[in-house]
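A short write-up of the structure that comes next.
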Amino acid sequence: MSIKILLSITLCLTAAIDGKKYRYDYVYYPQIDGWLKQNDFPATWRQARLQCHLEGAQLASPLDAEFLKVLKTKSHIPTWTGIHSLFSKGKYNSIEGVPILRMPISWAPGEPDNHENKEQCIVIMPNGTFADVCCDEMFPYICYKKKFTFSMVSACGIVDTSYLYETRTGSCYKFHNHVQTWNQAYMTCDAEGAYLAIMNTALETQVLREIFSKYPTSKIYGRSEYKDDARVGIHDWGEAGLWTTIHGQSVDHLMDTGVISWANGQPNNATLNGLGQSCGGISRDGRFNDVWCHIPSSFICEKAPDSLEKDEDDY
Ligand SMILES: *[C@@H]1O[C@H](CO)[C@@H](O)[C@H](O)[C@H]1NC(C)=O
Ligand SMILES: *[C@@H]1O[C@H](CO)[C@@H](O)[C@H](O)[C@H]1NC(C)=O
322 MSIKILLSIT LCLTAAIDGK KYRYDYVYYP QIDGWLKQND FPATWRQARL
372 QCHLEGAQLA SPLDAEFLKV LKTKSHIPTW TGIHSLFSKG KYNSIEGVPI
422 LRMPISWAPG EPDNHENKEQ CIVIMPNGTF ADVCCDEMFP YICYKKKFTF
472 SMVSACGIVD TSYLYETRTG SCYKFHNHVQ TWNQAYMTCD AEGAYLAIMN
522 TALETQVLRE IFSKYPTSKI YGRSEYKDDA RVGIHDWGEA GLWTTIHGQS
572 VDHLMDTGVI SWANGQPNNA TLNGLGQSCG GISRDGRFND VWCHIPSSFI
622 CEKAPDSLEK DEDDY
């Protein structure tokens, strides 16, 4: 066996181990020293950046010639890069802060044209040329995670150390103390390989209550009148009053079995401009409350430790 073959086997093994250790939805590319995830659902540049960020990654840019080659093979239609001039028109940098002149950019004919002075984000074309477009347009995008040592993945199977393993339930939890709407909260948990927490047992309700108690209102950041409520994974799915977990379990069942109970005076069935309270939260005593979906509040994500692991048969 030549040294060259030996070396490539070693490289493959390393890739497999590391690939397993980041997340199942990211693929390892040794030539760019990291993982990529292709997102085929078109999004605006801001949504794309946020999604990659919430996944612990960055919107990918062609940082060097090898990177450009890989991005080109993945861009079958125009695809966002992380190159933008959102902070100062015409000052284009990758999200990592690499200036555009340090990247291997060749423009498509007539580009960049800053059409109507409204174009501040850069897409890569299928043939590997680039164009500036309006950041509110919708394109698919690619997230990039630079390689790290796998000891950084915690017992919760994620690099984010704010997820804490709870032996009593076998789940990991993260209390998000920067307020968000219920839908943003759902998206955030989802990007972390988690979901808005669901109390399946009375013990789990107790666990959530204890987690909440570590965050007095002074530690909950952002504008919100509801700092004594934390959002959880309960919703009426558009059927007023038919409370159901986001995993399809009826809340009546959870109430009958004493897992949760209504907070005092709830449900109050409040309406505001014709909108009902369709989203679920818990108060500090662990009781259930119907809350406004659009009013920002803290929230709790729940994650199975193996939720981001590759399936064994992916090898
Ligand atoms: C690459 O694609 C762009 C946009 O489709 C096109 O205008 C341009 O002529 C192509 N350039 C090359 C070198 O093929
Ligand atoms: C809200 O509706 C539920 C059932 O639809 C009812 O049991 C409850 O009493 C109502 N709450 C108020 C404050 O009217």
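According to this note's numbering, the sequence shown is numbered sequentially starting from 322. C-beta: ideal position from N, C-alpha, C; glycine also. Note that the coordinates shown come from a computational prediction; the quantities given were computed from them, not determined experimentally.
Ranked by Cα distance from Lys-412, the first of Asn-590, Glu-387, Leu-380, Gln-441 is Gln-441. Residues of the same chain with a CB within less than 7 Å of the CB of Ala-476, apart from the 5 flanking positions on each side, are Tyr-486, Pro-626 in chain order. For the pair of segments examined, the stretch 494 to 507 was found to touch the stretch 617 to 624: the number of CB pairs separated by less than 8 Å reaches three. Following the DSSP letters along the chain, one finds Arg-370 inside the alpha helix (DSSP H) bounded by residues 366 to 375. Counting of Cβ neighbours within 10 angstroms places Ile-443 among the buried residues, the total reaching 16 or more. Counting along the chain, the unbroken beta strand (DSSP E) around Thr-400 starts and ends at 400 to 405. The shortest C-alpha to C-alpha distance from Gly-491 to any of Trp-366, Glu-623, Ile-463 is the one to Glu-623. Counting along the chain, Gln-527 sits inside the alpha helix (DSSP H) bounded by residues 523 to 534. The shortest C-alpha to C-alpha distance from Phe-469 to any of Tyr-462, Phe-460, Ile-479, Ile-603 is the one to Ile-479. Distance between Phe-388 and Ser-483, taken at the CA atoms: about 31 Å. Of the candidates Leu-422, Thr-402, Asn-438, Asp-385, the residue whose Cα lies closest to the Cα of Lys-410 is Asn-438. When DSSP reads this structure, Ser-427 sits in no beta bridge, so it has no partner. Secondary structure note for His-397: it is in no beta strand (DSSP E), with a DSSP letter that is neither H nor E. Here the alpha carbon of Arg-423 sits roughly 15 Å from the alpha carbon of Ala-381.
By the C-beta density criterion, His-397 is exposed, having fewer than 16 other C-beta atoms within 10 angstroms.
Non-local beta-carbon contacts of Gly-449 in its own chain, meaning distances under 7 Å to residues more than five positions away in sequence, involve Leu-389, Lys-393 in chain order. Every residue whose Cβ sits closer than 6 Å to any heavy atom of ligand 1 is listed here in chain order: Ala-429, Pro-430, Met-446, Asn-448, Thr-450.
Counting only residues of its own chain and dropping the five nearest sequence neighbours on each side, Tyr-347 has a CB closer than 7 Å to the CB of Trp-356, Leu-357, Lys-358, Lys-466.
The C-beta separation of Pro-363 from Pro-447 comes to about 15 Å, leaving the pair out of contact by the 8 Å criterion.
With 16 or more other Cβ atoms inside 10 Å of its own Cβ, Pro-383 counts as buried. By the neighbour-count definition (other C-beta atoms within 10 Å, threshold 16), Ala-378 is a buried residue. Straight through space, the alpha carbons of Gly-418 and Arg-489 are spaced by roughly 43 Å. Between Gln-598 and Val-580, the C-beta spacing is not below 7 Å.
By the CB criterion at 7 Å, Ile-445 and Thr-402 fall inside the cutoff.
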